[in-house]
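Visitor:
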Amino acid sequence: MADVRLEGVKKRFGDVEIIKGVDLAVEDGRFCVFVGPSGCGKSTLLRLIAGLENVSEGRVTIGGRDMTSVPPANRGTAMVFQSYALYPHMTVAENISFGLRMAKAPKDEIERRVARAAGMLQLDHLLQRKPAQLSGGQRQRVAIGRAIVREPGVFLFDEPLSNLDASLRVQMRIEIGKLHQDLGATMIYVTHDQVEAMTLADQIVVLSAGRIEQVGSPLELYHRPRNLFVAKFIGSPTMNTLPVEVLGQDAGGLKLALPGGKPILLPQAPGLSGSTPTLGVRPEHLTLGEGRDATLNGKVRLTERLGSETMLYVDLGHEAEVVVRADGLSRVRPGDVVPVGLSKESCHVFDAGGNAVLNGALM
Amino acid sequence: MFPAPIQDKGPVIGTAYRVTLVVALIVWLLPLVGIGLTSIRSIDDLNQGNFWGWPEETRFAENYTGVFTQSPMARFLLNSILITVPAVGLAVALSAMAGYALAKYRFPGNLLLFAVFIAGNFVPFQILMIPVRDLFVNVVPLYDTILALVIFHMAFQTGFCTLFMRNFIRQIPDALIEAARVEGVSELRIFWHVVLPLVRPAMAALAVLVFTFVWNDFFWALVLVQSDEARPVTAGLQALRGTWTSAWQLLSAGAIIAALPPVAMFFLMQRHFIAGLTLGATKG
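Top line first, the protein sequences correspond to chains Z and A. Going left to right, the first sequence walks through residues 1 to 363 as our numbering numbers them. Going left to right, the second sequence walks through residues 364 to 647 as our numbering numbers them.
(1) Quick one: list the residues of chain Z neighbouring P564 (chain A), beta-carbon separation under 8 Å, in chain order.
(2) Could you check what DSSP says for G137 (chain Z) in three-state terms: helix, strand or coil?
(3) Taking only the alpha-carbon atoms, compute the straight-line gap between H192 (chain Z) and V332 (chain Z) and give it to the nearest angstrom.
(4) For R150 (chain Z), go through chain A and note every residue whose CB falls closer than 9 Å to its CB, in chain order.
(5) Contact between the segment 398-407 of chain A and the segment 613-624 of chain A is defined here as three or more beta-carbon pairs at a separation below 8 Å; is this criterion met?
(6) Would you kindly check if the distance between the Cβ of V314 (chain Z) and the Cβ of R301 (chain Z) is under 9 Å?
(7) Give me the Cα-Cα distance between Q249 (chain Z) and L256 (chain Z), rounded to the nearest whole angstrom.
(8) Rounded C-beta distance between M528 (chain A) and V586 (chain A)? I'm assuming under 8 Å.
(9) Can you pull the DSSP bridge partners for N355 (chain Z)?
(10) So, at 6 Å on beta carbons, what are the nonlocal neighbours of G21 (chain Z) in its own chain, with the 5 sequence-adjacent residues on each side left out?
(11) In angstroms, rounded to a whole number, what distance separates the CA positions of V375 (chain A) and I369 (chain A)?
(12) Quick one: grab the DSSP three-state call for G21 (chain Z).
(13) Which ranges does the alpha helix (DSSP H) cover as unbroken runs of at least 4 residues, wholly within the segment 5-91 of chain Z, from first to last along the chain?
(14) Would the segment 516-534 of chain A and the segment 431-440 of chain A be scored as touching if the rule is three or more Cβ pairs under 8 Å?
(15) Could you please give me the residues that DSSP links to D327 (chain Z) through a beta bridge?
(16) Please report whether the beta-carbon of K646 (chain A) lies at a distance below 9 Å from any beta-carbon of chain Z.
(17) Taking just the CA atoms, how far does Q122 (chain Z) sit from R113 (chain Z)?
(18) Could you name the residues of the segment 549-563 of chain A whose beta carbon sits closer than 8 Å to any beta carbon of chain Z, in the order they occur along the chain?
(19) With 9 Å set as the bound, which would you pick, yes or no: does the beta-carbon of P471 (chain A) sit closer than that to a beta-carbon of chain Z?
(20) Check the Cβ of E592 (chain A) against every Cβ in chain Z and list those closer than 8 Å, keeping chain order.
(21) Hey, P625 (chain A) and F439 (chain A) are a contact pair by Cβ (cut 8 Å); roughly how many whole angstroms apart?
(22) Classify L183 (chain Z) as helix, strand or coil using the three-state DSSP reduction.
(23) At what residues does the alpha helix (DSSP H) containing S208 (chain Z) begin and finish?
(24) Could you check how far apart the C-beta atoms of G210 (chain Z) and C40 (chain Z) are, in whole angstroms? I think they sit under 8 Å.
(25) In angstroms with no decimal places, state the Cα-to-Cα distance between D124 (chain Z) and D3 (chain Z).
(26) Note down the Cα distance separating L46 (chain Z) from D327 (chain Z), rounded to an integer number of angstroms.
(27) Three or more beta-carbon pairs under 8 Å between the segment 222-235 of chain Z and the segment 199-214 of chain Z, yes or no?
(28) Leaving out five residues on either side along the sequence, give the residues of the same chain with a beta carbon under 8 Å from the beta carbon of P449 (chain A).
(29) Which residue marks the beginning of the beta strand (DSSP E) containing G248 (chain Z), and which one marks its end?
(30) Between L164 (chain Z) and Q194 (chain Z), what straight-line distance do the alpha-carbon atoms span, to the nearest angstrom?
(31) Let me see if you follow: with CB-CB separation under 9 Å, is M79 (chain Z) close to chain A or not?
(32) Could you tell me whether any Cβ in chain Z is nearer than 9 Å to the Cβ of P366 (chain A)?
(33) Listed from N- to C-terminal order along the chain, which residues in the segment 80-108 of chain Z have their beta-carbon within a distance smaller than 8 Å of any beta-carbon of chain A?
(34) Could you pull the DSSP bridge partners for A257 (chain Z) from this structure?
(35) Compare the Cα-Cα distances from G179 (chain Z) to each of Z:I144, Z:L161 and Z:V170 and report the closest residue.
(36) Is the segment 68-84 of chain Z close to the segment 149-164 of chain Z, with three or more CB pairs under 8 Å?
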C-alpha cells in the first residue's frame, strides 16, 4: 500500500519539455486516472512514476520514500502495458511467474501467488498456453496477472484497454474496477477514453500540453470544470459554447446577451473581466421548448439517432450551433425550426482567457 | 496482383521465359555436375579427355577414400572446423550483445558507433591484407596458427553480424524489455531470458550465413597460414593441386566433401528459420 506524490516534476527530451512542472498527490488506495489528448504527456508521466524515464527536475515519492532516482524494480510498482508486453516464448504461467522466478522466490510461494492471480482473473485453464494462442482479452488478463503476483503497492496501467474491441473493453473495465475493490491498492491509469476515466476513477487528472489542467472527482470535473479545456474535454458530446456579451453586472446578477441579442440573467460572477465571455452548457441541460430562463430558436441541421437518445445539431444563426440531447423517439427532423431552452443553474461562464468564472448550480 | 503471373503474358514471353530458365539452370548447375562426375571418374578416363561423358567405370569409393588416404584431407577438415565453429560462435555471440546495446540503449554516440559498424562492411578486405599479416607476424605472434584465423574471422564478421542483429533486435517491442525491467529483472537476465529466445531465428540464419563465409574463405587462409597443421580445407585443396597435378578426380571428391558441412549446417538450422519470430504477444 502506498501513496504517490509528484513535486515540481519536469521532463525534457533534449530541448523539448514534455512535462512542464507537475504537482500531484494520489492518496493510498485511490484509483487515479490521467486523461488528456494525444501528446499531452500522460503516458510519460506514468513512465516517470514507474521509473522507466528519469525526471529532469522535481521529486517522485512513493509510500513516503523518495524514489526519484530509484530503479524501476525497487519502486514497489507494477505496470500493465498497452501492448500487453507478454513474453511470446513463455507460457501464461511462465509469463506470470517470470519476475518471481528471476528474483529466486521459493517455489511454493511462486505457485501460491500464480494460483491466486490466475483464480482472480479466471486464467486457471489457460496457464499452459502461449500468448499467441490467447484472445486479446485473455492476453490483457495475463498482463494484469503478471502485475498482481508482484503484490505491488501501486499499479500503473498504460492505456490497457485500447487494443480491445468495444464490448470486451466494457467487460475488462468492470473487471479492473472490481480488482481495485478487491486489492485496495493504489492504481494509476492512463487513458484517452473518458468513459473509462469517469467510470473507474476516484480522482481524475486532466492533462494538457504537459501541465495539469484540473484534478478532481469525475462529477466535480463534469459539473465544475475549472476552465474551458476541461469543460470541453470531459463529456460526450462535448459541452456547447456560445459567444455572449456582457450587458451589465450588479447585485441582481450577471446579465448576458445570447447570440441574436436575447438576454439571460445569471447569478453574480465577481471574477469576470472583459465584455465577451463564453457561455457553456451541456447538451443534456438544453431542452426542446421554452426554457425557464431563456429560449433561443434554431433550425435543426442534423440528427443522430442513438436509440436511447437523439442528438440534434441546431443552428442558432449568428454562427452559433448547439447540440441538444433529446428523447430517443424524438420526432424532430432536419430542417425543423425548434425552440431551445436554457436554465441558469446549468450555465457555465468562462472569461476571455478560458477560466471558469461561474459553474452553474447543479453541484 | 503484382507482379502479373507469367502465364498471363502471352505465348512469346512465356516461351522466352522457359528457355531463359533452362539456360540459366544449365549455366548454374553445369560446373556442379562436372565436379560431381569428375569425382567418380578414373584417372585414365580423364587422361583420355572424357570430361563430360558418363565415366567408363565409376570409382566412387576409391576416389572418396583416396582423398583421405593420399592427402592430409582429414587434417584440413578438422582445421576448418576448428577455425569456423569458434569464429562463428564468437561472432554471433558478440554481435548479439553489441546489437542489443545498439538497438535498445540510449547513449551518446550510439548512432555514430552503429555507423562505424556499417562502414566496416564497406572496407575492401584486400587492402587489409598487408597490415593484418604484419600484425600477426610482428605484433601478435600468431602467424600460421589456427587461432590467427579464428581471431581474424571473428573480428571481421562481427561488423556485419552486429548490423544484422541490431536491426533484428530493434523490432522487439520496447515494452517487453521495460516490462521485465519493472519486474526487477537484471539487464543481463533480460538479455538472456527475453531477448535471446526471441532472436534465436535470426541468430540461426546469421550462423549459417557466417559459417558459409568463414568455411569458404580462401583469401585469409592463404595470407595467415602456410603449414598443413593450420590450413583449412579450402587452402588445403589448392595445395593438393601442386602435389598431384593431374589428380583431378581426388580434387573434385575433396571439393564435394568440403562443400558438405555448410549444406548440413543449413538443414540443421532450417527448423529455426521456419519457427520465425513470433511476436504475437503484443497486439492481435
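Built from N, CA and C at the ideal position, the CB exists for glycine as well. Values in this document were obtained by computation on a predicted structure and should not be read as measured data.
Guide: Looking at the coordinates:
(1) On the second sequence, residue 564 (chain A) is found 201 positions in, with the first residue counted as 1. The CB of P564 (chain A) never comes closer than 8 Å to any CB in chain Z; the least such distance is about 11 Å.
(2) What you label residue 137 (chain Z) is simply residue 137 of the first sequence in a count that begins at 1. Note: G137 (chain Z) maps to helix in three-state DSSP.
(3) In the first sequence, residue 192 (chain Z) corresponds to position 192, counting from 1. In the first sequence, residue 332 (chain Z) corresponds to position 332, counting from 1. Between H192 (chain Z) and V332 (chain Z), the C-alpha separation is close to 33 Å.
(4) Position 150 of the first sequence, counted from the first residue, corresponds to residue 150 (chain Z). Per Cβ cutoff of 9 Å: V545, E546 and G547.
(5) yes
(6) For the purposes of this step, residue 301 (chain Z) is taken as the residue at position 301 of the first sequence. For the purposes of this step, residue 314 (chain Z) is taken as the residue at position 314 of the first sequence. Yes.
(7) As a first step, residue 249 (chain Z) must be located in the first sequence, where it is residue number 249. As a first step, residue 256 (chain Z) must be located in the first sequence, where it is residue number 256. So the two alpha carbons sit approximately 9 Å from each other.
(8) To locate residue 528 (chain A), count along the second sequence from 1; it is residue 165. To locate residue 586 (chain A), count along the second sequence from 1; it is residue 223. That belief does not hold up - the Cβ atoms of M528 (chain A) and V586 (chain A) are roughly 27 Å apart, past 8 Å.
(9) In the first sequence, residue 355 (chain Z) corresponds to position 355, counting from 1. N355 (chain Z) is bridged to Z:N227.
(10) Taking the first residue of the first sequence as 1, we reach residue 21 (chain Z) at position 21. The answer, listed in chain order, is G8 and K10.
(11) Along the second sequence, one-based indexing puts residue 375 (chain A) at 12. Along the second sequence, one-based indexing puts residue 369 (chain A) at 6. Approximately 11 Å, taken between the alpha carbons.
(12) Counting from one through the first sequence, the residue named residue 21 (chain Z) turns up at place 21. Secondary structure at G21 (chain Z): strand, using DSSP grouped into helix, strand and coil.
(13) 42-50
(14) no
(15) Here residue 327 (chain Z) corresponds to residue number 327 of the first sequence, with the count starting at 1. The partner list for D327 (chain Z) (beta bridge, DSSP) reads Z:E309.
(16) In the second sequence, residue 646 (chain A) corresponds to position 283, counting from 1. Because K646 (chain A) carries a pLDDT of 38, less than 50, the predicted location of this residue cannot be relied on, and no value is offered for it.
(17) The residue labelled residue 113 (chain Z) in the question sits at position 113 within the first sequence. The residue labelled residue 122 (chain Z) in the question sits at position 122 within the first sequence. If you take the alpha carbons of R113 (chain Z) and Q122 (chain Z), they lie about 14 Å apart.
(18) S549, R552, H556, V557, P560 and L561
(19) Here residue 471 (chain A) is taken as the residue at index 108 of the second sequence, counted from 1. Chain Z, which has no Cβ nearer than 9 Å to the Cβ of P471 (chain A), makes this no.
(20) As a working note, residue 592 (chain A) is residue 229 in the second sequence. Within chain Z, no residue comes near E592 (chain A); the closest Cβ sits about 43 Å away, beyond 8 Å.
(21) Here residue 625 (chain A) is taken as the residue at index 262 of the second sequence, counted from 1. Here residue 439 (chain A) is taken as the residue at index 76 of the second sequence, counted from 1. About 15 Å; that fails the 8 Å criterion.
(22) Position 183 of the first sequence, counting from 1, holds the residue named residue 183 (chain Z). Annotated three-state conformation of L183 (chain Z) is helix, per DSSP.
(23) Position 208 of the first sequence, counting from 1, holds the residue named residue 208 (chain Z). That residue, S208 (chain Z), is in no alpha helix (DSSP H); its beta strand (DSSP E) goes Q203 to S208.
(24) Along the first sequence, read from residue 1 onward, the residue named residue 210 (chain Z) stands at position 210. Along the first sequence, read from residue 1 onward, the residue named residue 40 (chain Z) stands at position 40. That pair is a contact at about 7 Å.
(25) For the purposes of this step, residue 124 (chain Z) is taken as the residue at position 124 of the first sequence. For the purposes of this step, residue 3 (chain Z) is taken as the residue at position 3 of the first sequence. Spanning the two alpha carbons is a distance of roughly 32 Å.
(26) Position 46 of the first sequence holds residue 46 (chain Z). Position 327 of the first sequence holds residue 327 (chain Z). So the two alpha carbons sit approximately 40 Å from each other.
(27) yes
(28) Along the second sequence, one-based indexing puts residue 449 (chain A) at 86. Counting only Cβ-Cβ distances below 8 Å, and skipping sequence neighbours, we find V513 and M517.
(29) Against the first sequence, residue 248 (chain Z) aligns to sequence position 248. Looking at the DSSP string, the run of the beta strand (DSSP E) that includes G248 (chain Z) is E245 to D250.
(30) Taking the first sequence and counting its residues from 1, the one referred to as residue 164 (chain Z) is at position 164. Taking the first sequence and counting its residues from 1, the one referred to as residue 194 (chain Z) is at position 194. Those two C-alpha atoms are separated by around 16 Å.
(31) On the first sequence, residue 79 (chain Z) is found 79 positions in, with the first residue counted as 1. Yes - at least one Cβ of chain A is within 9 Å of the one on M79 (chain Z).
(32) Sequence index remark: in the second sequence, residue 366 (chain A) carries index 3 (1-based). No, no contact with chain Z.
(33) Correct list: F81, Q82, S83, Y84, A85, L86, Y87, P88, H89, F98, G99, M102 and A103.
(34) As a first step, residue 257 (chain Z) is located in the first sequence; it is residue number 257 there, counting from the start. Note: A257 (chain Z) sits in a beta bridge opposite Z:E245 and Z:P263.
(35) For the purposes of this step, residue 179 (chain Z) is taken as the residue at position 179 of the first sequence. Rather than Gly, the amino acid found at residue 179 (chain Z) in this sequence is Leu. Nearest of Z:I144, Z:L161 and Z:V170 to L179 (chain Z), Cα basis: Z:I144.
(36) yes
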